[in-house]
Ligand SMILES: Nc1ncnc2c1ncn2[C@@H]1O[C@H](COP(=O)(O)OP(=O)(O)OP(=O)(O)O)[C@@H](O)[C@H]1O
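Numbering (the UniProt record's numbering), first residue to last: 1 to 343.
#1: If you reduce the DSSP assignment to three classes, tell me which class residue 149 lands in.
#2: Taking the alpha carbon of residue 309 as the reference point, which residue from 276, 56 and 286 has its own alpha carbon closest?
#3: Taking a contact to mean a Cβ-Cβ separation below 8 Å, would you say residue 178 touches residue 219 in this structure?
#4: Classify residue 198 as buried or exposed, calling it buried when 16 or more other Cβ atoms lie within 10 Å of its own Cβ.
#5: Expressed to the nearest angstrom, what Euclidean distance is found between the alpha-carbon atoms of residue 156 and residue 114?
#6: Assuming residue 215 and residue 180 form a contact by the criterion Cβ under 8 Å, report the distance between their Cβ atoms to the nearest whole angstrom.
#7: Assign residue 203 to one of two classes, buried (16 or more other C-beta atoms within 10 Å of its C-beta) or exposed (fewer than that).
#8: From the DSSP output, in three-state form, read off residue 194 for me.
#9: Do you know offhand how far residue 97's Cα is from residue 90's?
#10: Residue 254: buried (16+ other C-beta within 10 angstroms of its C-beta) or exposed?
#11: Going by alpha carbons, who is nearest to residue 298 out of 273, 235 and 119?
#12: Compare the beta carbon distance of residue 226 and residue 63 with 8 Å and say whether it is the shorter of the two.
#13: Taking the beta strand (DSSP E) that residue 137 belongs to, which residues open and close that run?
#14: For residue 143, which option in 269, 131, 159 and 128 has the closest C-alpha, if you only look at C-alpha atoms?
#15: Less than 8 Å between the CB atoms is what I'm expecting for residue 47 and residue 224, so what's the real figure, rounded?
#16: Using a 10 Å radius around the Cβ and a threshold of 16 neighbouring Cβ atoms, would you call residue 213 buried or exposed?
#17: Residues in the same chain with beta-carbon distance under 6 Å from residue 251, minus the five sequence neighbours each way, listed in chain order, please.
#18: Any heavy atom of ligand 2 inside 7 Å of the beta-carbon of residue 77?
#19: Please determine whether the Cβ atom of residue 215 lies at a distance below 7 Å from any heavy atom of ligand 1.
#20: Between the Cα of residue 168 and the Cα atoms of 191, 116, 211 and 120, which residue gives the shortest distance?
#21: Per DSSP, which residues does residue 265 bridge with? Please list them.
#22: Measuring only the C-alpha atoms, how far is residue 229 from residue 68?
#23: May I ask you to verify whether the segment 74-86 touches the segment 24-36, counting CB pairs closer than 8 Å and requiring at least 3?
#24: With distance defined between alpha-carbon atoms, name the residue in 217, 267, 265 and 295 nearest to residue 249.
#25: Could you pull the start and end residues of the alpha helix (DSSP H) that residue 241 belongs to?
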């Protein structure tokens, strides 16, 4: 990636970043690190989001997703590393950038004393490309009345208003930080996913952070898994089942050991049976000793299983190995603290 540093006196939108790169990538993050009070929240994060993609960010609570997003919208300055959004450093001339970006924050930041019509008026004044017709359409779709006061709306109603404010100017880049948290399942399926797909179909880019892996699975082209401030992996959603498979083995002899397979992770035990996720590219021929292990099944991995395996601590496998459970007992090695993850 060729992000080069920008002259501090240069406040132009076009930075010294390679013009082709800026055409190709909506977002480029290079070696971004961030700590709060000495505690790392992001460590050496590098990723690129292609223009026109729906890009999912997944990770456990506290993984660093919101901290990354706050760098993208210029709320945090990159102290270590570099960030470019639509070819621009988001902290230089942020008002110009934010006209082209729609952002729905995780925590509702709407001025609740406003009526919906006040909010629309405010958006119109901020976004030169704000479309009253489109906003009226969205109000109908979201069942929002212009005379409703934001304070009087349900949490889901405020989430819809927040989404309305984020998309009414048809931004080149839409960033949604856990937009589903206030929306009921129907609103998620009927409204949110439709908006995400429409945005991408129009060649615009969506970055979407969610704990709802089924939703990520349905809408995202690419997925980055962030864990403890690091990007563990970025993968095309379509290639996940080709790249990884879940294999189940039965232990033929009493053993506390995880099946020894290279390039496998995320071991889970259920009595004498073990399930592991295997990287098919790197561990294609890897099989454990057939005297000791019988393969019971192999199948393409699901997003949920890949995620759970990836965030499982290596310690979990060794803990399992040192505490054999009796036949028939179940022991799930997923000890990553899965708060909020649908599985
Ligand atoms: N302003 C801040 N001051 C201190 N610590 C912070 C601040 N912002 C984030 N952190 C810490 O940074 C880490 C990453 O938090 P972040 O909110 O980015 O995670 P997340 O992946 O968005 O989590 P969640 O899924 O729970 O929203 C956490 O340990 C959090 O406590």
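Ideal placement from N, C-alpha and C gives every residue a C-beta, glycine not left out.
To lay it out plainly:
#1: In the structure shown, residue 149 sits in a strand (DSSP, three-state: E or B).
#2: 276
#3: no
#4: exposed
#5: Our two residues, residue 156 and residue 114, have alpha carbons roughly 17 Å apart in a direct line.
#6: 6 Å
#7: exposed
#8: helix
#9: 7 Å
#10: The residue is exposed, with fewer than 16 neighbouring Cβ atoms inside 10 Å.
#11: 273
#12: In this structure, residue 63 lies closer than 8 Å to residue 226 by Cβ.
#13: First-last for residue 137: 132-141, but that is the alpha helix (DSSP H), not the beta strand (DSSP E).
#14: Nearest C-alpha to residue 143: 159.
#15: Rounded, the Cβ-Cβ distance is 6 Å, consistent with contact.
#16: buried
#17: 272
#18: Because ligand 2 does not appear in the structure shown, any question about it cannot be addressed here, the ligands present being ligand 1.
#19: no
#20: 120
#21: In the DSSP secondary-structure assignment, residue 265 is bridged to 277.
#22: Cα to Cα, the separation comes out at about 9 Å.
#23: yes
#24: 295
#25: Secondary structure note for residue 241: its alpha helix (DSSP H) is the uninterrupted segment 240-243.
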